[in-house]
Amino acid sequence: MNKVALVTGAQRSDNFARARMLAQQGLHVVVAAPEWSKAVDAALRLQLEGLSAEALHLTRRDADALEAARRQIVSLHGRLDVVVDDGEPALAH
Numbered sequence: 025m026n027k028v029a030l031v032t033g034a035q036r037s038d039n040f041a042r043a044r045m046l047a048q049q050g051l052h053v054v055v056a057a058p059e060w061s062k063a064v065d066a067a068l069r070l071q072l073e074g075l076s077a078e079a080l081h082l083t084r085r086d087a088d089a090l091e092a093a094r095r096q097i098v099s100l101h102g103r104l105d106v107v108v109d110d111g112e113p114a115l116a117h
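Numbering-wise, our numbering comes out as the position in the sequence shown, counting from 1, plus 24.
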């Protein structure tokens with residue numbers, strides 16, 4: 025099973041680059057953005073490169089929203105290994 029990463033702010037070029045780097049290292053990347061279309065665009069761009077990615081609509085980045093995103097990802101994938109929240113990497117708990 026591949027490790028799973030959540031990258032917030034994926035509509036920004038620097039965070040998209042972080043998402044791409046993680047996906048190139050073999051992680052499945054969940055790219056999140058406040059606008060659904062931006063999250064989908066980021067995920068599709070990675071998929072077109074043959075990388076494993078999906079979109080997540082994340083309208084806020086407070087603790088409650090991030091915890092809800094974590095629960096959703098763990099429910100779908102059984103794990104969440106890395107979180108890059110607006111450029112700040114952290115191991116998921």
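All C-beta atoms in this analysis are idealised placements derived from N, C-alpha and C, irrespective of residue type, glycine included. The structure displayed is predicted, hence computed values, not measured ones.
{"Asked": "Pairwise C-alpha distance: residue 28 and residue 111", "Found": "Only weak support is given to the placement of residue 111: the predicted model assigns it a pLDDT of 48, under 50, and the question is left unresolved by the model."}
{"Asked": "Alpha carbon of residue 31 to alpha carbon of residue 85, nearest angstrom", "Found": "11 Å"}
{"Asked": "Three-pair Cβ contact test at 8 Å for the stretch 57–67 versus the stretch 89–97", "Found": "no"}
{"Asked": "Assigned exposure category for residue 42 - 16 Cβ within 10 Å defines buried", "Found": "buried"}
{"Asked": "Buried or exposed (CB count within 10 angstroms, at least 16 for buried), residue 75", "Found": "buried"}
{"Asked": "Where residue 38 falls, given that 16 or more other Cβ within 10 Å makes a residue buried", "Found": "exposed"}
{"Asked": "Cβ-based burial, residue 50 [other Cβ within 10 Å; buried from 16]", "Found": "exposed"}
{"Asked": "Residue range of the alpha helix (DSSP H) that includes residue 91", "Found": "87–101"}
{"Asked": "Simplified DSSP assignment, three categories, for residue 29", "Found": "strand"}
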